Structures are given as structure tokens and as C-alpha cells.
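Here's the structure we're looking at; comments come further down.
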């Protein structure tokens with residue numbers, strides 16, 4: 049009898065631990081944002097979106113949790129290769145007082161190559177992660193930033209949004 053009770057308890061604990069896994073679907077939980085067929089990305093459905101009409105820049109804010117997604121596009125020097133550009137970007141972040149903890153090559157959901165950057169902002173106990181795509185003479189950055197506790201809690205889900213970024217190669221010079 050004790051053996052069956054132990055097996056039952058183990059099964060209940062196993063099922064209970066498995067139920068903590070978060071199921072996530074970009075199409076259901078997010079909103080697709082397209083910019084003139086040049087780029088697209090998903091963002092959380094109930095967050096506030098504001099955009100800069102003068103340049104391709106988006107602020108997507110969740111004020112209740114003090115977390116945000118930011119998207120920006122910048123011109124870059126075409127004579128540098130992508131590895132040199134990400135090294136320059138990392139140096140720029142460090143000059144701004146950010147601690148860069150990780151920089152690695154990654155692949156977006158659409159198969160485009162990107163760089164994944166993760167770090168902290170020590171002065172206000174904030175963490176960030178971002179994907180950086182170089183295409184033509186542009187640098188596209190899609191970032192997630194939040195206080196350390198919220199960041200650790202939501203990073204896994206927010207990575208789905210970051211990796212949803214897509215830059216249309218055919219339109220890369222139009223921006």
C-alpha cells in the first residue's frame with residue numbers, strides 16, 4: 049500500500065511541476081506590427097504602442113509592470129562587416145555605463161541571422177536583452193528592458209517577441 053501511495057504522490061508532483069510550463073502563441077498573445085513591408089515584429093497585445101513618425105522607432109510599454117520593448121533602426125558604416133559592427137555596438141553600450149553580459153550570434157524565427165545581446169544597467173538594477181540585425185547599411189535593434197525581478201520572470205516569453213523580428217531583405221535600402 050505504501051508503494052502505491054509513493055507512486056501516486058510522485059505522479060501528482062510530476063504532473064504539478066509540468067503544469068508550470070507556459071504555453072505561448074505569438075498570433076494569439078501578440079499583435080503583428082508591419083512597417084511598409086520592410087519589417088515586421090510582434091508585441092504583447094495589451095501594451096501601449098507609440099511610434100516616432102520621423103524615423104522607424106517604436107516604444108511598446110507595459111506601465112503596470114514597468115517593462116518595455118523598444119525598436120529602432122539606425123544607419124551604420126557599410127565598410128564594416130557584421131562582426132565589427134556588433135563589436136562597435138557593444139563598446140557603445142559599455143561607454144553608456146551598461147554591463148554587457150553576453151553577445152552571441154543567433155537566428156530569428158524567419159531564419160535571418162542576428163546577434164543576441166544581454167546585459168544590465170547597474171545604476172537602476174535593470175536588465176535588458178535585445179536582438180540586433182544588420183542588413184544593408186542599417187542596424188535594427190529590438191530590445192526588452194525591465195527591472196531585474198520582472199526581467200527574470202518574463203524573459204523567456206519576451207524572447208519570443210524579440211525573435212519575431214523580420215527585416216525584408218528586398219526592401220533593406222528603402223529606409
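Residue numbers (the working numbering): 49 to 223.
C-beta: ideal position from N, C-alpha, C; glycine also.
Since we're looking at a predicted model, the values are computed, not measured.
One or two residues paired with residue i in a DSSP bridge
i: residue 113; result: In DSSP, residue 113 forms no bridge with anything.
i: residue 100; result: 105
i: residue 147; result: 168
i: residue 152; result: 164
Check whether residue i and residue j have beta carbons under 7 Å apart
i: residue 132; j: residue 148; result: no
i: residue 106; j: residue 122; result: no
i: residue 200; j: residue 189; result: no
i: residue 116; j: residue 169; result: no
i: residue 74; j: residue 208; result: yes
Residue i versus residue j: straight-line alpha-carbon distance, rounded
i: residue 163; j: residue 154; result: 5 Å
i: residue 82; j: residue 91; result: 11 Å
i: residue 127; j: residue 183; result: 13 Å
i: residue 216; j: residue 160; result: 10 Å
i: residue 86; j: residue 79; result: 17 Å
i: residue 124; j: residue 96; result: 29 Å
i: residue 111; j: residue 195; result: 12 Å
Of the listed residues the options, nearest to residue i (C-alpha basis)
i: residue 180; options: 95, 102, 212; result: 212
i: residue 191; options: 201, 94, 145, 166; result: 166
i: residue 197; options: 77, 76, 114; result: 114
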